[in-house]
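Student: My questions all concern the structure below.
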Amino acid sequence: MIDGAHAIIYSHDPEADRTFFKEVLGLHHVDAGGGWLIFALPPA
């Protein structure tokens, strides 16, 4: 069974996208550098 997943997203404006995913969607993230953001998705 799958308990959850992570999403890896490339962004040209990581600061704006990080703010959107964190404040609007409530997702926690890790900055992998170079514009790559990793978000923990809730359990499915």
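When the letters of the sequence shown are read in order and numbered with our numbering, they come out as residues 1060 to 1103. The beta carbon of each residue, even a glycine, is placed where N, CA and C say it ideally should be.
1) Roughly how far, in whole angstroms, is the beta-carbon of H1088 from the beta-carbon of L1096, given that I think they are within contact range, below 8 Å?
2) Pick from I1067, E1082, F1079 and L1084: whose alpha carbon is nearest that of D1090?
3) Going by C-alpha distance, which of G1093, Y1069 and F1098 is nearest F1080?
4) Mapping DSSP to helix, strand and coil, what is D1072?
5) Using the C-alpha atoms, what's the distance from G1094 back to T1078?
Tutor: So, from the data block:
1) Residue 1088 sits at position 29 when you count from the first residue of the sequence shown. Residue 1096 sits at position 37 when you count from the first residue of the sequence shown. Yes, they are in contact, since the Cβ atoms of H1088 and L1096 sit about 5 Å apart, within 8 Å.
2) Position 31 of the sequence shown, counted from the start, is the residue given in the question as residue 1090. Looking at the Cα atoms, I1067 is the closest of the given residues.
3) Taking the first residue of the sequence shown as position 1, residue 1080 is located at position 21. Out of G1093, Y1069 and F1098, F1098 has the C-alpha closest to the C-alpha of F1080.
4) By one-based count along the sequence shown, residue 1072 stands at place 13. Three-state DSSP puts D1072 in coil, outside helix and strand.
5) Start at 1 with the first residue of the sequence shown, and residue 1078 comes out as number 19. Start at 1 with the first residue of the sequence shown, and residue 1094 comes out as number 35. When rounded, the distance between both Cα atoms is 14 Å.
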